[in-house]
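Chemist: Pasting a structure below so you can have a look.
Residue numbers (this note's numbering): 1112 to 1220.
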């Protein structure tokens, strides 16, 4: 009989934390109780791997190499503001802005 609770093995803790570490240049462990608690809480609210990756992408684009870099950690990213972060519009990076300027003739008018 299947219950509404996911099994620990069905939650991709390692994949989520490996993705965060790669994008943010961090070294978090995927198997610490605190980290797993934050991920499991969001997973139990029906957020999935793609949602975690999107939040990581949005917040690393915004915070990496700034004073907010220190907040690129599981307790901040996967805490109770997770859904707000997920629905935040991604900020264009400097490279994105440069590419847009190159191809958008009206930018130079």
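All C-beta atoms, glycine included, are put in the ideal place defined by N, C-alpha and C.
Mapping DSSP to helix, strand and coil, what is residue 1193?
Modeler: helix
Chemist: Which one of 1187, 1191, 1190, 1171 has the shortest CA to CA distance from residue 1200?
Modeler: 1171
Chemist: Alpha carbons only, please: which of 1197, 1188, 1196, 1198 is nearest the one belonging to residue 1145?
Modeler: Considering only alpha carbons, the answer is 1188.
Chemist: Three-state secondary structure (DSSP) at residue 1129?
Modeler: helix
Chemist: Looking at residue 1141 and residue 1128, is the spacing between their C-beta atoms short of 7 Å?
Modeler: yes
Chemist: Where residue 1155 and residue 1125 are concerned, what is the direct C-alpha to C-alpha distance, given to the nearest angstrom?
Modeler: 17 Å
Chemist: With C-beta atoms as the reference, is residue 1197 less than 7 Å away from residue 1165?
Modeler: yes
Chemist: In three-state terms, what does DSSP make of residue 1200?
Modeler: It is coil, neither helix nor strand.
Chemist: Can you tell me whether DSSP reads residue 1159 as helix, strand or coil?
Modeler: coil
Chemist: How would you write the range of the alpha helix (DSSP H) that residue 1184 sits in, first residue to last?
Modeler: No alpha helix (DSSP H) contains residue 1184, which DSSP labels as neither H nor E.
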